[in-house]
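First the structure, in the form of structure tokens, and then the observations on it.
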Amino acid sequence: MTAEPLLRLAEVGMRFADGTAALHEVDLEVSAGQFLAVVGPSGCGKSTLLRLAAGLAKPSSGAVLRRTDEVAYVFQDPALLPWRTVRANVELAAELRGLPKPERRRLAAQAIELVGLEQFAGHRPGALSGGMRMRVSLARSLTLRPELFLFDEPFGALDEISRERLGDEVAKLFGARGFGAVFVTHSVTEAVFLSTRVIVLSGRPGRVVGDFPVPFDYPRPPELRFDERFAHLAGAVSACLRGEAA
Amino acid sequence: MSRVRRYAPPLVVLLLVLAAWYAVSYLGLSPERRFLLPPPDEVLRVGLLDPDNLAPLLDGLALSAEVAMIGLVLAFVLGVAAAVAMSQARWVERSLYPYAVVLQTIPILALVPLFGFWFGFGLPSRILVCVLIALFPLIANTLHGLRSAERVHHDLFTLYGAGRLTRLWKLQLPGALPSIFTGLRVSAGLSVVGAVVGDFFFKQGEPGIGMLIDLYRANLQSEQMFAAVLLASGFGVLVFWAFGLLARRVAGSWHESVADSPDR
Ligand SMILES: Nc1ncnc2c1ncn2[C@@H]1O[C@H](COP(=O)(O)OP(=O)(O)O)[C@@H](O)[C@H]1O
Ligand SMILES: [Mg+2]
């Protein structure tokens, strides 16, 4: 099942038209059942990496190979359409793909239930908290059963509690569905808790400077965050990140 | 309490304006020159409460209102269509936008007599004045609204393979609604002004309220003239308010600046 990677970046470099070099010779692979966390100083090219992975931009050197079109992208901002209700926002992905109405209704209802927002299905995003909006965004990305998930610091703007709770849910989903994922975050704890592997990028232009396998089994209980081996690994990732940031 | 807070300030301003008006009429002007600014109660009594004077005023207002609204609808259709075309391709924008700006800068009123020569003195010329005067704010506001969709939303649509039309229909146009309404309100006021002032210049054909203003001015019937001016501006306010109400109906539940606009 892990034979063919879902996503492969080979010596990917990115230089923008204004001369900004954002990424330098980045190699990485993600297969189904792998959850890759990416940490790095801000501005090093993490969002750029995801945009390349999703095909929203073309690399200036190297190659991006994707074996699936079922890609979900969870942005830093929930990216909800303020004039649509929660239900209609969640339906959007299926709607844009041209699925028939009853089918997308059903998929949206399932996804809304999964993130626990049934009572709010008729509300507009303006009436929801930041954490709830992020759940809507997550639900929308779940509707099409993506094989590859790309997360761009999705919970970065939330308070600690919502952040951990949503992290627990993503871990649970991953445990259940075994998709491939690239999860960009600036929280080392979040990276280690969620992933099967953590990659550390250098400052701009981002290069891979650290690669840490994460050995914990799924499902991961929330208490794992207080485990000694967890703290040890998180410390090593932090040290690598600080060494680079300095 | 909140009612008092809401209505008291504009009422106070109204009273102050009326007081100043009376002061100028009775203290500033000698009786033989009072026709320059007749006091408010005279305007009300002679201009608005006397059925013989009110009837032609209302007929004129109805005609001007019809001209203004037809002009606004045409400007709306043309303006939104032009903005959509410009939003789809830079070259269209580069070709058309300079001329849209010209619309704003040429003295359209100076062209009014010309329209009379070219197109006659009937409805078409009068409507044309309204369209030309109301078009630019609709183009500019709609275009701004269509362009204001965030990159992350565009990325989302790209990710799920949405085409241009879908993007326009499901992302850009709904997002542009608040801006379009801003344009509509500005243009509605301008269109009313265009109808009144255009009519003022035509001096032929069926009399709209602008022509009546000019007629009363020539006859020194200043009570009727002021009544006509008040009716015309009252109509402008009504239109402005009505579009605000419509904007809140359509977008107030999700767009803050629409929901919070101060007039009701
Ligand atoms: N379209 C662009 N044009 C020019 N520079 C860009 C563009 N997008 C991003 N950058 C620059 O590239 C660098 C990396 O950006 P980004 O990938 O957003 O970083 P990160 O997500 O790690 O904070 C930053 O310095 C940013 O300013
Ligand atoms: Mg970023």
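Residue numbers (our numbering), protein chains in the order written: chain U, 236 to 481; chain D, 2 to 265.
Cβ coordinates follow ideal geometry from the N, Cα and C atoms, glycine included.
Values in this document were obtained by computation on a predicted structure and should not be read as measured data.
For the pair L352(U) and R370(U), the CB atoms are nearer than the 7 Å cut-off.
Distances between the C-beta of T255(U) and the heavy atoms of ligand 1 include at least one below 6 Å. In the DSSP annotation of this structure, the continuous segment of the alpha helix (DSSP H) that includes I109(D) starts and ends at 109-120. If only uninterrupted beta strand (DSSP E) runs of at least 3 residues are considered, those enclosed by the stretch 393-449 of chain U are 415-419, 432-436, 443-448. In the DSSP secondary-structure assignment, A307(U) is bridged to F384(U).
Leaving aside the five residues that flank L468(U) on each side, the residues in its chain whose CB is nearer than 6 Å to its CB run, in chain order, V427. Shown in chain order are the members of the stretch 293-310 of chain U whose Cβ falls below 9 Å from a Cβ of chain D: D304, V306, A307, Y308, F310.
DSSP, reduced to helix, strand and coil, places E207(D) outside both helices and strands of the structure shown, so it counts as coil. The three-state reading of DSSP puts V18(D) in helix, counting H, G and I together.
Nearest to P448(U) by alpha-carbon distance, out of T303(U), T431(U), F310(U), A344(U), is T431(U).
Closer than 7 Å at the C-beta level to chain D, one finds these residues of the stretch 319-338 of chain U: A328, L331, R332. When only Cα atoms are considered, K336(U) and S376(U) end up about 17 Å apart. Not one beta carbon of chain D lies nearer than 7 Å to the beta carbon of P381(U).
Using beta-carbon distances, G415(U) does not count as an interface residue toward chain D, since no partner is under 7 Å.
For L334(U), the secondary structure class from DSSP, reduced to helix, strand or coil, is coil. Counting of Cβ neighbours within 10 angstroms places K281(U) among the buried residues, the total reaching 16 or more.
The beta-carbon of P52(D) is placed no less than 7 Å from the nearest beta-carbon of chain U.
H256(D): not part of any alpha helix (DSSP H); DSSP gives it neither H nor E. If only complete runs of 3 or more residues are kept, the stretch 17-101 of chain D shows no beta strand (DSSP E) anywhere. In this structure, L429(U) sits near A406(U), with a CB-CB distance shorter than 7 Å. Against chain D, the beta carbon of L291(U) has neighbours under 8 Å at D156, T159, L160, listed in chain order.
For a Cβ distance threshold of 7 Å, residue set P317, W318, R359, G361 of chain U lies close to W255(D), ordered along the chain. One Cα belongs to R380(U), the other to R6(D), and the distance between them is close to 54 Å. A straight-line Cα-Cα distance of about 31 Å links P208(D) and T183(D). Interface flag for A163(D) against chain U is set, since a Cβ pair is found closer than 7 Å. In terms of side-chain proximity, the C-beta atom of G248(U) is found no nearer than 6 Å to any non-hydrogen atom of ligand 1. Following the DSSP letters along the chain, one finds F270(U) inside the beta strand (DSSP E) bounded by residues 270-274. For the stretch 166-179 of chain D, the set of residues with a beta-carbon nearer than 9 Å to any beta-carbon of chain U comprises T167, K171, L172, P175, G176, L178, in chain order. In the three-state reduction of the DSSP assignment, R152(D) falls in the helix class. Closest by C-alpha distance to A189(D), out of Y217(D), L136(D), G162(D), is L136(D).
Interface annotation, D253(U): not in contact with chain D, CB-CB separation never under 7 Å. Within the model, the alpha-carbon separation for H259(U) versus L476(U) is close to 17 Å.
In the DSSP assignment, V265(U) forms a beta bridge with L242(U). E399(U) and V193(D) have their alpha carbons spaced roughly 58 Å apart. Across the structure, L349(U) and R339(U) are spaced so that their CA atoms are roughly 15 Å apart.
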